[in-house]
Amino acid sequence: MGETLTTWSPSCNGSVRVELSGQRTTSDSGALLLREALDNSGVIEALEDNLVDFRNPLRIRHSLASQLRTLVLQRAMGWIDLSDTDTLRRDPLWQLACSDARGMMPLAQDRPSQATLSRLLSCLGRNDNIDAVHEGLLRLVVWRLTSLQNGERPKQLTLDIDGLPIEVHGHQGGSAFHGLYGARIYSPLVASLAETGDMVGGLLREGNAGPAENADTWIPHLVRRLNESTGAQVRVRIDAGFTDNATLAALEERDIEYLGRLRSHTGLQKLAAPHLKRPPGRPPEQPREWCHDLEYQAGSWSAPRRVVLVVQERPDDLLLHAFFLVTNLSKFDWPPEKVLALYRKRGSAEAHMGEVKSALDVHLSSTDRGASTVQDVMARNEVSRNRSFQG
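Numbering (our numbering), first residue to last: 22 to 412.
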């Protein structure tokens, strides 16, 4: 029985036909699908409108749009090194996928060289442009959210905050040796949406930065931008490194809901002690779990806060296991069991963080890494977006 294979033409160039065949023509045709997604999002046009281009207009050969597409699409397709650009420079598919021109015109044009793209990264990393680059990343995320929900904007979003140490290979400014990781690193903060796994922001910090350094200003700013862009209420989910008083107080002052895990210490162990008792009777086969709503004020906290004590049985363990969560979620709407269920969804977020780390797992040069990192993440978000539609 025969099959009919449909062809597809990208809206950027009606002269191009994409079809599945038995011939080994190219393995990079997905770049045209990603180009379609980029065009639909409007992110490249928005970046071109808002970026400051320092080049002499009389000497420009490649538009900002074509260079940005080259950076994002190549990385999304696995060509992560700028040196790959010269390998692909005269590849017809890449000429068609990245060009502003239509018809067969792209085939007669040279693509940007490695040196050209290196200069672009330096341009994107300038103070005049870095905010526009981050806004482009946020625009892509918001577009994906609305696309997944048939154009409807979400009412509630959960923002996961993590530290993401990145090893450097050299002595770049701001990097430092970190004993915990046994390497010279940067110590950026990253934020991702629980609903999609997309990274929505990052803050590059020095390698010796404390876990919560700058979190009290950066997290509220990111929440505000997400709220303005989507209209959704944004809650924050954090780990123990961000439960210092400055960060929690900053979230409370702006009425931002949060929940996070607390590190165990003597004060919490004393608070938990009265609850570490099994009820009378023979325990069931399945391990049990209990949640208790309590209040606690750490020595560095300015006031008591709501904490949820989670007590667990473990197979073949006579002792009960316990840990604490801290939250400002309403007790009426969020009983302790519901708080725990929400926190446990961080497991998915940590898996997404692994994907982000893979996207950034490249040798860090002395170039403007902030802009390059955002391009890496845009590429990773683009691939995730298309996977979600295919699934």
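C-beta: ideal position from N, C-alpha, C; glycine also.
Remember, predicted model here, so these are calculated numbers, not experimental data.
Going by the CB atoms, is the gap between residue j and residue i shorter than 7 Å?
i	j	result
residue 182	residue 75	no
residue 179	residue 258	yes
residue 247	residue 211	no
residue 18	residue 31	A question about residue 18 goes unanswered here, because the residues of the chain that appear run from 22 up to 412.
residue 239	residue 224	yes
residue 65	residue 86	yes
residue 117	residue 39	no
residue 177	residue 253	yes
residue 92	residue 135	no
residue 241	residue 275	yes
residue 2	residue 33	In this structure the chain extends from 22 to 412, so residue 2 is not present and cannot be described.
residue 278	residue 245	no
residue 84	residue 121	yes
residue 230	residue 250	no
residue 438	residue 237	In this structure the chain extends from 22 to 412, so residue 438 is not present and cannot be described.
residue 5	residue 90	Because the chain spans 22 through 412 in this model, residue 5 falls outside it and cannot be assessed.
Just confirm the distance between the C-beta atoms of residue i and residue j, as a whole number of angstroms; I'd bet it's less than 8 Å.
i	j	result
residue 341	residue 332	5 Å
residue 315	residue 297	In fact, because the Cβ distance is near 13 Å, the residues do not count as touching under 8 Å.
residue 280	residue 350	6 Å
residue 334	residue 309	5 Å
residue 67	residue 160	6 Å
residue 319	residue 368	Not quite, the Cβ-Cβ distance comes to about 26 Å (not below 8 Å), so this is no contact.
residue 150	residue 72	5 Å
residue 228	residue 205	6 Å
residue 94	residue 123	Contact flag wrong, Cβ pair sits at about 17 Å.
residue 261	residue 343	Rounded, the Cβ-Cβ distance is 15 Å, inconsistent with contact.
residue 361	residue 312	6 Å
residue 175	residue 234	Rounded, the Cβ-Cβ distance is 30 Å, inconsistent with contact.
residue 327	residue 352	7 Å
Strictly by DSSP, which residues pair up with residue i?
i	result
residue 343	332
residue 181	213, 258
residue 29	39
residue 338	335
residue 207	187
residue 327	316, 348
residue 199	204
residue 224	210
Chain D beta carbons: is any one of them nearer than 7 Å to that of residue i?
i	result
residue 38	Among the protein chains of the structure shown there is no chain D, as only one such chain exists.
>> Below 8 Å, how does it come out for the region 190–199 and the region 163–170: are there three or more Cβ pairs, yes or no?
In response: Segments in contact, no.
>> Check whether the region 126–135 and the region 95–114 are in contact - that is, three or more C-beta pairs closer than 8 Å.
In response: With three or more CB-CB distances shorter than 8 Å, the region 126–135 counts as touching the region 95–114.
> Enumerated in chain order, which unbroken segments of the alpha helix (DSSP H) with a length of 4 residues or greater are wholly contained in the region 233–321?
Replying inline: For secondary structure counted as the alpha helix (DSSP H) over 4 or more consecutive residues, the region 233–321 holds these complete runs in sequence order: 236–251, 266–274, 287–293.
> If we count Cβ pairs, one from each stretch, closer than 8 Å, do we get three or more for the region 294–309 versus the region 262–278?
Replying inline: They do not touch, by the three-pair rule.
> Within the chosen definition, does the region 52–69 reach the region 134–143 through at least 3 CB pairs nearer than 8 Å?
Replying inline: They do not touch, by the three-pair rule.
> What are the complete alpha helix (DSSP H) segments, minimum 4 residues, inside the region 62–132?
Replying inline: Runs found: 64–71, 85–97, 105–108, 113–119.
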